[in-house]
Amino acid sequence: MSKLESANVEVLRGKNYIRVKGKKRIYPVDIITSPYPGFPTDLHAPMAAFLTISDGTSFIEETIFDARFNYVDELRRLGARIRLVDKTAVITGVSRLTDAPVEAADLRAGGSLVLASLAAEGTTEITGVEYIDRGYKSIEKKLSALGAQITRCSE
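Residue 168 is where the sequence shown ends in our numbering, and the numbering goes up by one at each step.
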């Protein structure tokens, strides 16, 4: 939660809930993944998607797994400016993301693509949803309940 707060997201904590309230301006954040109680590697890709529209340059250094960057090319297809330097994603925020066909290669990449697609202009089609379904059951229903425009398409 502290990294979201550093990025200018208001986090309200209650006894049985957490409420987040975004602001118009997202600040860049530097992150180094590490075991608990540090920043979890499982949140690396979703946080990268969030930071693609920040006002500045963020860094996410992956210290646990080598294969955590397979989301990068797909986010670039949406207009994200991300470059890899060794084990670090250098993310320069853009003013907007745009729709494009993208493919989820794994659960975490899929989650990041869903988040980025919600922020993108236009309609993005994500394939590889079987990976997303492994960790986010009925994600389209949950996000729709929050006001997102998202639908599951059948082939």
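Heads up, the beta-carbon is just placed ideally off N, CA and C, and yes, glycines get one too.
Per DSSP, Phe-63 lies in no beta strand (DSSP E) segment; the continuous alpha helix (DSSP H) that holds it begins and ends at 57 to 64. Counting only the Cα atoms, Leu-159 lies some 29 Å from Tyr-49. In this structure, Ala-133 lies near Thr-111, with their beta-carbon atoms less than 8 Å apart.
Excluding sequence positions up to five before and after Val-115, its CB lies within less than 7 Å of the CB of Glu-87, Arg-90, Leu-91, Leu-126, Thr-137, Ile-139, all in the same chain and listed in chain order. Between the alpha carbons of Thr-101 and Asp-146 lies a distance of about 28 Å.
Cα atoms of Tyr-30 and Val-24: separation of roughly 10 Å, rounded to the nearest angstrom.
Beyond the five residues adjoining it in sequence on each side, Arg-32 comes within less than 7 Å, by CB distance, of Leu-25 in the same chain, given in chain order. Counting along the chain, the unbroken alpha helix (DSSP H) around Val-85 starts and ends at 85 to 90.
Rounded to whole angstroms, the gap between the alpha carbons of Phe-52 and Ile-152 is 23 Å.
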